[in-house]
Amino acid sequence: EAQVTQNPRYLITVTGKKLTVTCSQNMNHEYMSWYRQDPGLGLRQIYYSMNVEVTDKGDVPEGYKVSRKEKRNFPLILESPSPNQTSLYFCASSLSGTGGIQPQHFGDGTRLSIL
Amino acid sequence: GQQVMQIPQYQHVQEGEDFTTYCNSSTTLSNIQWYKQRPGGHPVFLIQLVKSGEVKKQKRLTFQFGEAKKNSSLHITATQTTDVGTYFCAGMSNDYKLSFGAGTTVTVRA
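Sequence order for the protein chains is A and B. Quick note: the first sequence, position 41, residue 41 per our numbering, numbers continuous. Adding 1000 to a residue's 1-based position in the second sequence gives its number in our numbering.
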């Protein structure tokens, strides 16, 4: 089954404790992206990756890191989490090509609470 | 940077009525995508518009992309309870950055 898998689905942690949210897709997609969703603000892009070893900042990259060492994986790293990073996070992937980025396939989300 | 504004934020609709949600971008878009998110779920792709002035229909849903490729709309006719959820537009810039609108949350009165 084609899917985007995020782990963990839920996490409660404390300020300053490094954490990683994993994202994996089995569709051989080139494009992968991370979003955070907050009430009234919609989805805001954190980072995106056009392909292996290529990453770019989205609209809200501060406080986050990503890596794209393999095509299928795109982990989101919070080196020193703070309470303002409490949010619902989505990973997404899609094909890309001369026609631009194709429809995004989203994971089920990770609800992160930073105390 | 690119901004995509979406209105209204909330739409309360009587079952059977029509409504429209609008998106406006501060910059010209290469394409625009529309997604629907049910409560507790993740966004699900509905459609992508690429050409200036493009109009696409999916049953009771009509999507339009403006001539200047800076605005778009989603019109739903004869609203049903299954239309409940939040509808997002997402504008793609030339550098492949995707900017989502804040969404229109739709509730339906039976």
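Ideal Cβ placement from N, Cα and C applies to all residues, glycine included. Bear in mind the structure is a predicted one, so any value in this text is a computation, not a measurement.
Alpha carbon to alpha carbon, how far is residue i from residue j?
i, j, result
"Y10 (chain A)", "T110 (chain A)", "5 Å"
"T1107 (chain B)", "S93 (chain A)", "29 Å"
"G1016 (chain B)", "Q1006 (chain B)", "23 Å"
"A1110 (chain B)", "Y1087 (chain B)", "20 Å"
"T1105 (chain B)", "E79 (chain A)", "34 Å"
"G42 (chain A)", "Q1037 (chain B)", "11 Å"
"L1029 (chain B)", "I12 (chain A)", "38 Å"
"S87 (chain A)", "T1077 (chain B)", "34 Å"
"H1042 (chain B)", "A1068 (chain B)", "30 Å"
"K1056 (chain B)", "T1062 (chain B)", "6 Å"
"D56 (chain A)", "H1012 (chain B)", "38 Å"
"R36 (chain A)", "T5 (chain A)", "16 Å"
"Q1047 (chain B)", "G40 (chain A)", "A quick correction: the sequence has Ile, not Gln, at residue 1047 (chain B). When rounded, the distance between both Cα atoms is 23 Å."
"R44 (chain A)", "Q1003 (chain B)", "11 Å"
"K1070 (chain B)", "P1008 (chain B)", "17 Å"
"Q1058 (chain B)", "K18 (chain A)", "45 Å"
"E1054 (chain B)", "S1072 (chain B)", "10 Å"
"D1083 (chain B)", "T1020 (chain B)", "12 Å"
"E62 (chain A)", "G16 (chain A)", "15 Å"
Measure from the alpha carbon of residue i to the alpha carbon of each residue in the options, then state which is nearest.
i, options, result
"N84 (chain A)", "A:N51, A:K69, A:V14 and A:H105", "A:V14"
"Q3 (chain A)", "A:H29, A:Q25 and A:L19", "A:Q25"
"L1049 (chain B)", "B:L1074, B:D1018, B:R1038 and B:K1059", "B:L1074"
"F1045 (chain B)", "B:G1053, B:K1056, B:P1039 and B:Q1033", "B:Q1033"
"I101 (chain A)", "B:Y1096, B:K1051 and B:Y1035", "B:Y1096"
"A1102 (chain B)", "B:N1024, B:G1053 and B:T1082", "B:N1024"
"E1 (chain A)", "A:L115, A:S113, A:H105 and A:P39", "A:H105"
"I46 (chain A)", "A:K65, A:V54 and A:H29", "A:K65"
"H29 (chain A)", "A:G63, A:I114, A:P75 and A:S49", "A:S49"
"P8 (chain A)", "A:S96, A:S82 and A:I77", "A:I77"
"P81 (chain A)", "A:M27, A:I114 and A:M32", "A:I114"
"F90 (chain A)", "B:G1040, B:Q1014, B:N1031 and B:S1026", "B:G1040"
"V60 (chain A)", "A:E53, A:V21, A:W34 and A:R68", "A:W34"
"Q1064 (chain B)", "B:T1079, B:T1081, B:N1031 and B:G1085", "B:N1031"
What are the residues that DSSP puts in a beta bridge with residue i?
i, result
"R155 (chain A)", "The structure shown does not extend to residue 155 (chain A), since chain A is modelled only from 1 to 115, so the question has no answer here."
"L95 (chain A)", "In DSSP, L95 (chain A) forms no bridge with anything."
"L43 (chain A)", "A:Q37"
"Y1022 (chain B)", "B:I1007 and B:S1073"
"Q1048 (chain B)", "B:Q1033"
"D56 (chain A)", "A:Y48"
"H1042 (chain B)", "Paired residues: none, contrary to the question."
"F1063 (chain B)", "B:K1056 and B:L1074"
Any C-beta of chain C sitting closer than 8 Å to the C-beta of residue i?
i, result
"V1108 (chain B)", "Of the protein chains in this structure, namely A and B, none is chain C."
query: Of all the residues that make up the segment 25-45 of chain A, which are near chain B by a beta-carbon distance shorter than 9 Å?
result: Of all residues in the segment 25-45 of chain A, the ones placed with a Cβ closer than 9 Å to any Cβ belonging to chain B are Y31, S33, Y35, Q37, G40, L41, G42, L43, R44 and Q45, in chain order.
Residues of the segment 1086-1107 of chain B whose Cβ lies closer than 7 Å to any Cβ of chain A, in chain order: Flagged, chain order: F1088, M1092, Y1096, K1097, L1098, S1099, F1100, G1101, A1102 and G1103.
message: Can you pull out the residues from the segment 1043-1067 of chain B whose beta carbon lies closer than 8 Å to at least one beta carbon of chain A?
response: Using a CB distance below 8 Å, the part of the segment 1043-1067 of chain B facing chain A consists of P1043, V1044, F1045, Q1048 and V1050, ordered along the chain.
message: Tell me which residues of the segment 1015-1038 of chain B have at least one Cβ-Cβ distance to chain A shorter than 8 Å, keeping chain order.
response: Those would be S1030, N1031, Q1033 and Y1035, in chain order.
query: Which residues, taken in chain order from the segment 44-65 of chain A, show a beta carbon closer than 8 Å to some beta carbon of chain B?
result: Within the segment 44-65 of chain A, the residues whose Cβ lies closer than 8 Å to some Cβ of chain B are R44, Q45, Y48, M50, D56, G58 and D59, listed in chain order.
- prompt: Of all the residues that make up the segment 100-112 of chain A, which are near chain B by a beta-carbon distance shorter than 7 Å?
  reply: Those would be G100, I101, P103, Q104, F106, G107, D108 and G109, in chain order.
task: Identify each residue in the segment 73-90 of chain A for which the Cβ-Cβ distance to at least one residue of chain B is less than 7 Å, and report them in chain order.
output: Under the 7 Å Cβ criterion, the segment 73-90 of chain A contributes F90.
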